[in-house]
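Contents: one structure, followed by commentary.
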Amino acid sequence: MNNNNNYSNPLETAKDIEKIVVSGSMRKYFGFKEPLFEGDLCCADIVGCNLSCIYCNSGTLIENPDRVGEFYSPEDAAEKIVRFNSEGVRISGGEPTIGKEHLLELLNLIPKNLTVILETNGTLIDRNYAHELSPFENLHVMVSLKGTTPEEFQKITLCDKSGFFLQINALKNLIDAGISANPAIINIVNASGIDKLSERLEEIDKKLAIGLEYERLIKTKNVIENLAKHGVFAD
Ligand code: SF4
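Following the numbering used here, the numbering of the sequence shown begins with 162 at its first residue and continues without gaps.
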């Protein structure tokens, strides 16, 4: 759904996507990947996202959520994850916070000795959502920031710039709820904005600024072409 500036609102889009990728307590997954090496985590690939990042390489998981993937109950998803016998799981792909009931049930079913890394754009993590995530001590949340400023967020995600503050607030909400969390940012952002972003993060908690990770652009042909189409040229 678009607002009057023609950029989609991440919260409204999430409601639309939820109708496609969630059915009761079931959630659509593209699949589950085994760990690549000893000590690595397995991966649960989620279908559907509420942003439209111009560097996204998740392809059909994002563009055609109605056409790909299969529905899994929390029990079936947990069984798939546990069967890998790995150190834990990375829940990623699309946006895993769409479908809160499924996610909370899944977290409940994953044994506490397994690490869970939730890779999210954070736009849906309000105070209440963070509070509901807080009982899971094996959970670490990585919030993938999409810009150093609201304007850059809008340029990168093709979504309304208000989403920038949803991301920053998600980090605050997670820290306030006592959840292990760190921010990451894609390396196509304007380097000059990083200092300002770090200041914002430091105002919430020093460890967020220290923990800022850089995500590396995966330069597929499609990604490079899409970036160029939007006037962004990767090194
Ligand atoms: S938030 Fe992640 S999954 Fe969603 S469009 Fe952006 S890069 Fe793709």
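For each residue, glycine too, the CB sits at the ideal point set by N, CA and C.
As the structure is a prediction and not an experimental result, all values here were calculated from the model.
Checklist entry - Is it true that the CB of LYS176 sits closer than 8 Å to the CB of VAL182? => result no
Checklist entry - In this structure, what does DSSP give as the bridge partners for PHE232? => result LYS189
Next on the checklist: Once the 5 residues before and after ILE355 are set aside, which same chain residues still bring their CB inside 7 Å of it?
Outcome noted: THR309
Next on the checklist: Measuring CB atoms only, is the region 345-352 touching the region 247-261, in the sense that at least three cross pairs come out at less than 8 Å?
Outcome noted: no
Item to check | Nearest to GLY220 (by Cα), restricted to the options ASN383, ILE340, LEU388 | outcome: ASN383
Checklist entry - DSSP on VAL304, reduced to helix/strand/coil? => result strand
Checklist entry - In chain order, what residues place their C-beta within less than 7 Å of a heavy atom belonging to the ligand SF4? => result CYS210, LEU212, SER213, CYS214, TYR216, CYS217, SER219, ILE223, GLY254, GLY255, GLU256, ASN282, SER305, LYS307, THR318
Next on the checklist: Between which two residues does the beta strand (DSSP E) holding PRO171 run?
Outcome noted: Taken as a continuous stretch (DSSP letters only), PRO171 belongs to no beta strand (DSSP E), being part of the alpha helix (DSSP H) at 171-182.
Next on the checklist: Whole angstroms are fine: how far does the CA of PHE191 sit from the CA of GLU231?
Outcome noted: 6 Å
Checklist entry - How many whole angstroms separate the CB atoms of GLN315 and TYR168, which I take to be in contact at a CB cut-off of 8 Å? => result 6 Å
Item to check | Delimiting residues of the alpha helix (DSSP H) encompassing PRO311 | outcome: 311-318
Checklist entry - Who pairs with ASP206 in a beta bridge, going by DSSP? => result GLY192, SER253
Checklist entry - If you drop the 5 nearest sequence neighbours on each side, which residues of the same chain put their C-beta closer than 8 Å to that of GLY200? => result GLU248
Checklist entry - Under a three-way DSSP split, which group does ALA345 fall into? => result strand
Checklist entry - Tell me the DSSP bridge mates of TYR397? => result This structure gives no information on residue 397, because the portion of the chain shown stretches from 162 to 396.
Item to check | As assigned by DSSP and simplified to three states, the class of THR221 | outcome: helix
Item to check | C-alpha distance - SER149 paired with LEU264, whole-angstrom precision | outcome: Since the first residue of the chain shown is 162 and the last is 396, residue 149 is not available in this structure.
Checklist entry - From VAL304 to VAL393, what does the alpha carbon distance come to, in whole angstroms? => result 22 Å
Checklist entry - Nearest to LEU275 by alpha carbon, out of TYR290, THR258, HIS292, PHE297? => result PHE297
Item to check | Continuous beta strand (DSSP E) stretch holding LEU444: start and end | outcome: Here the chain has residues from 162 to 396 only, and residue 444 is not among them.
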